[in-house]
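Q: Once you've had a glance at the structure underneath, I'll fire off some questions.
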Amino acid sequence: MARSKEPLPGRYPVSFGEVELLRDLDRPDGWMLIRDGVPQSYVDLTDPTYLDFSYTQLMASVIDCLPEGPLDAVHIGGGACTIPRYISARRPGSRHIVVEPDAALVQLVRDQLNLKSVPRLKVRVTDGRAATTALGDDSADLFVLDAFSGATMPVELATVQYMAEIARVLRPSGMALINVADGKGLPFVKRVASSVSRVFPHAALLAEPGILRGRRFGNVILAASSGDLPIEALTRKAAGGLTQARCVADDDLTRLVAGAAPISDGDAVLAPVPPPGLFD
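This is how it looks when you write it as structure tokens:
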């Protein structure tokens, strides 16, 4: 679908602060959305299968392991809708519910980044927990949790109670994908993984080796399902993709998470904050 107008780079006020829209000098149709100095989304408007961020590449590797065909997908955290665009390009006929609490950001993406080009996509302007509560049982094949305030995951979206809501919405063979950021020792990731494991009988963790070993702050992807996960395929995809990563599952994941307490509603938990200068 042709774009109605060229995006305009610059700074834009949104409901919760300000975002900056930057053109990629190496890709004429590549655009980055930055909030509070943190890169939030990257989209290529003519090639939505191009993924610039390593964590979105990992997410795509997991999604590609799902059975062929269109997906009913829920996305908590909208940004520029990178993953919905990818799925719709790879799996025509997919349907998306995108939850984004920042109404002005949604309008900006509509106006500047051609959100209308993504078919069968609905945006709900509300918070993640309220939106999930309103979804029907067994209504989604894929549930993507990629919600951040700056570079910090909201703790209320990391609890056992919220994971149970995600499980309710997913079909028995459906998959949850959760993006978590953490640093040395991965203490927060381990607690989120513990929350996930309390609800889902099958889980896996994907991360670059340097992040997994605690050498640097970065993103970890958790995949979870009530049904079996394609661990062998995930391992191959993670190791052979643009972002070479490890897949930790089964007994290895149990050992990694051992001793980490799950997070419950009301727990006083501080999500990790990236070190100064990480995004400079």
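Numbering (full-length UniProt numbering), first residue to last: 1 to 280. Where a beta carbon is used, it is the ideal one built from N, C-alpha and C, also for glycine. All values derive from a computational prediction rather than experimental measurement.
1. Among A73, G210, T254, whose alpha-carbon lies nearest the alpha-carbon of P92?
2. Give the DSSP bridge partners of G30, in chain order.
3. When DSSP builds the beta bridges, which residues end up paired with L253?
4. Thinking L205 and L142 are a contact (beta carbons under 8 Å), I'd like their distance in whole angstroms, please.
5. Would DSSP call S195 helix, strand or coil?
6. Could you check the C-alpha separation between V199 and P262 for me, to the nearest Å?
7. Could you tell me which residues DSSP pairs with P39 in its beta bridges?
8. Given a threshold of 16 other Cβ atoms within 10 Å of its Cβ, counted over all protein chains shown, does Q244 qualify as buried or as exposed?
9. Looking only at its own chain, which residues have a Cβ that is under 8 Å from the Cβ of R120, when we skip the five neighbours before and after it?
10. Which residue marks the beginning of the beta strand (DSSP E) containing M175, and which one marks its end?
11. Checking contacts by CB at 8 Å: is L58 closer than that to chain D?
12. Quick one: measure Cβ to Cβ for H75 and V19, integer angstroms, because I've assumed they're closer than 8 Å.
13. Taking all protein chains shown into account, decide if residue 307 is buried (16 or more other Cβ within 10 angstroms of its Cβ) or exposed.
14. Three or more beta-carbon pairs under 8 Å between the segment 77 to 87 and the segment 101 to 121, yes or no?
15. Consult DSSP for Y50 and reduce its assignment to one of helix, strand or coil.
A: The relevant details are as follows:
1. A73
2. D44
3. Answer by DSSP bridge pairing: none, since L253 is not bridged.
4. So it is not a contact: roughly 18 Å between Cβ atoms.
5. In the structure shown, S195 sits in a helix (DSSP, three-state: H, G or I).
6. Roughly 10 Å between the two C-alpha positions.
7. I34
8. exposed
9. The beta carbon of R120 sits closer than 8 Å to those of S88, G93, S94, R95, H96, all from its chain and outside the five residues before and after it, given in chain order.
10. 170 to 182
11. Among the protein chains of the structure shown there is no chain D, as only one such chain exists.
12. Not confirmed; about 18 Å, so no contact.
13. A question about residue 307 goes unanswered here, because the residues of the chain that appear run from 1 up to 280.
14. yes
15. coil
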